[in-house]
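Residue numbers (my numbering): 66 to 757. Every residue gets a Cβ at the ideal spot worked out from N, C-alpha and C, and that includes glycine. Down below is the structure, laid out as structure tokens.
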Amino acid sequence: MKRYGLGIDIGGTFTDIVVYDTQSGSQFSRKELTTHDDPSRGVMAGIDGLLAEGVVTATEIGRVVHATTLFTNALIERKGATTGLLTTAGFRDTLEIGRERKYELYDIKIVKPAALVPRHLRLEVTERLNPDGSVHTPLDEATVLSATEQLVAHGVQSLAVTFLHSYANPAHERRTLEIVQSAFPDLSLSASVDVAPEIREYERSSTTACNAYIKPLAERYLSTLAERIAARDIDAPLLMMLSNGGLTNVGEAKRSPVQLLESGPAAGALVAAHFGAKDGGDHVLAFDMGGTTAKLSVIDNGQPTVAYSFEAARATRFIEGSGLPIRISTLELIEIGAGGGSIAHTDTIGLLKVGPLSAGSEPGPAAYALGGDQPTVTDADFLLGFLDPDFFAGGSMAIDMAAVERAFAPLCDATGLDQTALAWGIHDVVNENMTNAARVHIAEHGKDPRAYTLLATGGAGPVHAYYVAKKLGLKSLIVPRAAGVASALGLLIAPARVDRVATVAQDMATLDWAQLEATFAGLESDARQVLDDTRLPGDAARIERLADIRYVGQASELVVSLPAGPYTAASETALKEAFEASYIAAFTRTPPASAVEIINVRVTATIDVPGSAGDMQTSAASQGDAVKGERAAYFPERGGHVATTVYDRYALQPGHGFDGPAIIEERESTLIVGPGGRFDVAASGSIIVTIG
Numbered sequence: 066m067k068r069y070g071l072g073i074d075i076g077g078t079f080t081d082i083v084v085y086d087t088q089s090g091s092q093f094s095r096k097e098l099t100t101h102d103d104p105s106r107g108v109m110a111g112i113d114g115l116l117a118e119g120v121v122t123a124t125e126i127g128r129v130v131h132a133t134t135l136f137t138n139a140l141i142e143r144k145g146a147t148t149g150l151l152t153t154a155g156f157r158d159t160l161e162i163g164r165e166r167k168y169e170l171y172d173i174k175i176v177k178p179a180a181l182v183p184r185h186l187r188l189e190v191t192e193r194l195n196p197d198g199s200v201h202t203p204l205d206e207a208t209v210l211s212a213t214e215q216l217v218a219h220g221v222q223s224l225a226v227t228f229l230h231s232y233a234n235p236a237h238e239r240r241t242l243e244i245v246q247s248a249f250p251d252l253s254l255s256a257s258v259d260v261a262p263e264i265r266e267y268e269r270s271s272t273t274a275c276n277a278y279i280k281p282l283a284e285r286y287l288s289t290l291a292e293r294i295a296a297r298d299i300d301a302p303l304l305m306m307l308s309n310g311g312l313t314n315v316g317e318a319k320r321s322p323v324q325l326l327e328s329g330p331a332a333g334a335l336v337a338a339h340f341g342a343k344d345g346g347d348h349v350l351a352f353d354m355g356g357t358t359a360k361l362s363v364i365d366n367g368q369p370t371v372a373y374s375f376e377a378a379r380a381t382r383f384i385e386g387s388g389l390p391i392r393i394s395t396l397e398l399i400e401i402g403a404g405g406g407s408i409a410h411t412d413t414i415g416l417l418k419v420g421p422l423s424a425g426s427e428p429g430p431a432a433y434a435l436g437g438d439q440p441t442v443t444d445a446d447f448l449l450g451f452l453d454p455d456f457f458a459g460g461s462m463a464i465d466m467a468a469v470e471r472a473f474a475p476l477c478d479a480t481g482l483d484q485t486a487l488a489w490g491i492h493d494v495v496n497e498n499m500t501n502a503a504r505v506h507i508a509e510h511g512k513d514p515r516a517y518t519l520l521a522t523g524g525a526g527p528v529h530a531y532y533v534a535k536k537l538g539l540k541s542l543i544v545p546r547a548a549g550v551a552s553a554l555g556l557l558i559a560p561a562r563v564d565r566v567a568t569v570a571q572d573m574a575t576l577d578w579a580q581l582e583a584t585f586a587g588l589e590s591d592a593r594q595v596l597d598d599t600r601l602p603g604d605a606a607r608i609e610r611l612a613d614i615r616y617v618g619q620a621s622e623l624v625v626s627l628p629a630g631p632y633t634a635a636s637e638t639a640l641k642e643a644f645e646a647s648y649i650a651a652f653t654r655t656p657p658a659s660a661v662e663i664i665n666v667r668v669t670a671t672i673d674v675p676g677s678a679g680d681m682q683t684s685a686a687s688q689g690d691a692v693k694g695e696r697a698a699y700f701p702e703r704g705g706h707v708a709t710t711v712y713d714r715y716a717l718q719p720g721h722g723f724d725g726p727a728i729i730e731e732r733e734s735t736l737i738v739g740p741g742g743r744f745d746v747a748a749s750g751s752i753i754v755t756i757g
């Protein structure tokens with residue numbers, strides 16, 4: 066087995082590269098500003114830098130694992146392919162009708178997210194299936210061809226095919242793909258039976274349209290990246306992180322890129338669960354704050370929660386129902402706030418606000434001297450003394466403090482605050498916003514935040530985590546080594562994973578058990594084949610069976626983990642008991658109704674990847690002095706800027722402990738510990754902060 070694993074995480078502001086040495090357990094990392102015009106350019110700059118530094122040789126890299134926000138950003142910014150839709154006659158407007166719900170009931174100026182496919186590019190095909198999959202109206206192949214010709218004439222580059230009830234019978238969609246592929250071989254194709262083969266027309270149509278919208282971009286980008294990596298003599302498989310916290314091969318990622326929308330944040334949640342299990346027990350709040358956004362994941366019993374739907378590209382950032390519904394499996398994450406590049410401003414009545422607009426990496430915060438001229442969270446952290454202009458990103462970036470002061474001047478005038486007061490206001494507003502969002506999210510899950518430990522990652526996470534934890538009433542905070550590139554490291558911890566789903570929609574009392582078992586077996590076979598294509602032994606995969614189950618008459622289901630198969634009529638009691646246990650755990654009691662129906666069945670196949678960093682050892686600390694020096698930093702508890710000890714993260718040894726206020730620096734991030742707090746270095750190498 067080759068010695069090194071390479072993790073690549075592209076964020077909105079920075080691209081993180083991590084190299085993991087499977088022999089020594091050590092790791093090396095590098096940050097590059099994300100190059101939005103061509104994200105692979107920033108990736109290769111980081112790889113070339115590590116190769117030039119001699120920390121790794123190309124021929125010893127055994128695998129490359131990648132996560133990216135590229136496809137999510139394409140949805141948010143509406144920069145995907147020109148996309149067309151073929152659908153059943155009479156269902157042209159499904160994407161716009163949606164669920165006919167207003168996400169803000171009393172907002173008369175509400176703006177619904179526009180459909181990715183405009184109406185003139187949504188055309189109908191003569192065909193129809195019944196809910197049981199039987200044919201109501203045969204497929205008219207001539208209308209398929211004529212509709213596709215019209216769409217191509219309008220410049221369509223990618224085509225989504227979503228027919229009514231195709232989850233029950235894929236024949237019409239499959240035949241449509243054959244017809245279109247033969248006539249238009251250069252057209253990118255996405256069918257709902259391949260992307261989201263499950264009940265509920267709006268969600269299925271939305272997911273398929275999203276997949277089609279980003280598919281040409283994914284195909285081009287992944288091919289280009291693979292070619293550039295191979296040109297560096299890196300002969301290693303390229304694996305992609307999925308939103309569910311697993312890995313897959315490039316072919317599967319190109320086929321269904323919608324599965325990658327939350328890949329970067331998922332890696333952060335995965336690594337938080339890994340480090341949290343070592344030092345924080347089983348209940349952790351994973352707080353990941355980067356340059357553009359901050360996200361939170363609740364981890365119970367050492368595992369992030371898996372959800373089977375989420376919303377992308379919300380019109381109103383934090384409001385459910387304002388985005389595009391996506392039916393994929395994903396680690397449950399919520400966006401709770403702004404990032405380091407988020408811009409501060411005043412609203413119409415003069416109140417200080419931060420975000421949602423971000424300076425990103427282009428032009429970036431004013432401090433980067435790349436053309437940014439508006440005050441951002443990162444600029445505020447420089448003025449507060451939390452960040453060192455001479456050691457930001459390990460000293461690899463030249464910081465312009467004069468540009469920061471110029472950017473702050475107009476907002477100081479507008480608010481009547483001096484620079485320090487305004488900088489603390491920005492820092493505190495961001496922390497308060499994130500705390501409120503986190504508190505609501507945790508309460509919605511019936512949890513008490515005080516039972517959790519905060520684990521901070523991301524370039525800006527450790528800077529803000531102390532005061533976020535304090536506002537949440539938490540007792541402790543964990544910051545792992547190299548927290549600023551933790552998501553990239555999480556890529557090297559992840560197993561390979563395949564999720565598959567099928568709709569059965571049957572009452573359990575009249576269920577065809579042989580057919581149910583055959584459906585599960587088919588999903589398992591498909592999942593194992595994907596693992597085989599990823600160059601992993603599918604036969605050795607761990608298989609978990611799940612089902613979406615509800616009481617008859619209910620409108621929504623619970624996803625229930627099921628006992629192992631094979632299933633027969635004798636399995637009915639065990640499956641009902643599993644459902645009732647999950648129902649009680651969620652709602653404390655079961656209703657009087659007793660009839661139960663299975664809507665969807667699911668299969669999850671996972672297998673560990675050779676050379677995983679899951680058993681990562683702590684790198685040896687340097688033998689230098691742990692104290693780097695001292696600088697003035699602002700702490701409101703002390704009434705202003707006070708002389709604060711700065712510690713070298715690389716020289717801190719397990720067993721070291723110091724009282725706050727303190728600043729702990731490493732190349733990728735900076736940890737702030739407030740007055741009254743204390744930090745100790747655990748045996749794992751993580752820093753445990755006791756909140757004052």
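Item                                                                                                                                                                                                      : Value
Beta-carbon separation of L398 and E284 under 8 Å?                                                                                                                                                        : no
For the ligand HEM, any of its heavy atoms closer than 7 Å to the Cβ of L449?                                                                                                                             : This structure lacks the ligand HEM, and indeed carries no ligand of any kind.
Give me the residue from E189, S321 and G481 with the minimum Cα distance to S253.                                                                                                                        : S321
Looking at A301 and I75, is the spacing between their C-beta atoms short of 8 Å?                                                                                                                          : no
If you draw a straight line from the alpha carbon of S621 to that of R615, how long is it in whole angstroms?                                                                                             : 7 Å
Output the boundary residues of the beta strand (DSSP E) element that contains S94.                                                                                                                       : Q92 to L98
Whether or not the stretch 732 to 739 and the stretch 523 to 530 are in contact is what I'm after, with contact meaning three or more pairs of Cβ atoms, one per stretch, closer than 8 Å; do they touch? : yes
State the DSSP-derived secondary structure class of R615, mapped to helix, strand or coil.                                                                                                                : strand
Going by DSSP in three states, F447 sits in which element: helix, strand or coil?                                                                                                                         : helix
Within this structure, are the beta carbons of S426 and T99 separated by less than 8 Å?                                                                                                                   : yes
Taking the C-alpha atoms as reference points, what is the distance between A291 and V692?                                                                                                                 : 43 Å
Exposed or buried, what is I414 when buried is set at 16 or more other beta-carbons lying within 10 Å of its beta-carbon?                                                                                 : exposed
Find out if the Cβ-Cβ distance for the pair A432, A468 is shorter than 8 Å.                                                                                                                               : yes
For F136, which beta-bridge partners are listed by DSSP?                                                                                                                                                  : DSSP lists no partner for F136.
For T357 versus T78, is the C-beta distance shorter than 8 Å?                                                                                                                                             : yes
Is it right to say F652 is buried, meaning 16 or more other beta carbons lie within 10 angstroms of its own, or is it exposed?                                                                            : exposed
So is K144 buried or exposed if we call it buried at 16+ other beta carbons inside 10 Å?                                                                                                                  : exposed
Under 8 Å, with one C-beta from each stretch per pair, do the stretch 531 to 548 and the stretch 644 to 651 reach the 3-pair mark?                                                                        : no
Would the stretch 707 to 715 count as touching the stretch 493 to 509 if we require 3 or more Cβ pairs under 8 Å?                                                                                         : no
CA-CA distance, T683 and V674?                                                                                                                                                                            : Reliability of the predicted coordinates at T683 is poor, the pLDDT of 46 falling under 50, and no value is obtained from them.
Quick check: A592 and V668, are their CB atoms within less than 8 Å of each other?                                                                                                                        : yes
Helix, strand or coil, according to DSSP, for K535 in the structure here?                                                                                                                                 : helix
Should T159 be labelled buried (16 or more other beta-carbon atoms within 10 Å of its own) or exposed?                                                                                                    : buried
Can you list the beta strand (DSSP E) stretches of 3 or more residues lying completely in the stretch 483 to 565, in chain order?                                                                         : 518 to 522 and 541 to 544
Decide if the stretch 585 to 601 is in contact with the stretch 327 to 347; the criterion is three or more beta carbon pairs, one per stretch, under 8 Å apart.                                           : no
Relative to the C-alpha of G329, which candidate in A248, F723, R166 and A559 has its C-alpha closest?                                                                                                    : A559
Quick check: what's the CA-CA separation for A409 versus P196?                                                                                                                                            : 52 Å
Do you know how far the Cα of T134 is from the Cα of L350?                                                                                                                                                : 22 Å
Report the three-state DSSP secondary structure of T683 (helix, strand or coil).                                                                                                                          : Residue placement at T683 is flagged as unreliable, the pLDDT there being 46, under the threshold of 50; a coordinate-derived value is accordingly withheld.
Is it a yes or a no for the stretch 368 to 379 touching the stretch 476 to 495, going by three-plus beta-carbon pairs under 8 Å?                                                                          : no
Please state whether the Cβ-Cβ distance between L188 and T148 is less than 8 Å.                                                                                                                           : no
Would you kindly work out how many angstroms separate the C-alpha atoms of D353 and S461, rounded to a whole number?                                                                                      : 23 Å
Let me check understanding here. Comparing Cα to Cα, which of P421, L556 and W578 lies closest to A635?                                                                                                   : W578
With respect to the alpha helix (DSSP H) encompassing E284, which residues constitute its N-terminal and C-terminal limits?                                                                               : E266 to A296
On the CB-based measure, 16 or more other CB atoms within 10 Å of its CB, does G220 come out buried or exposed?                                                                                           : exposed
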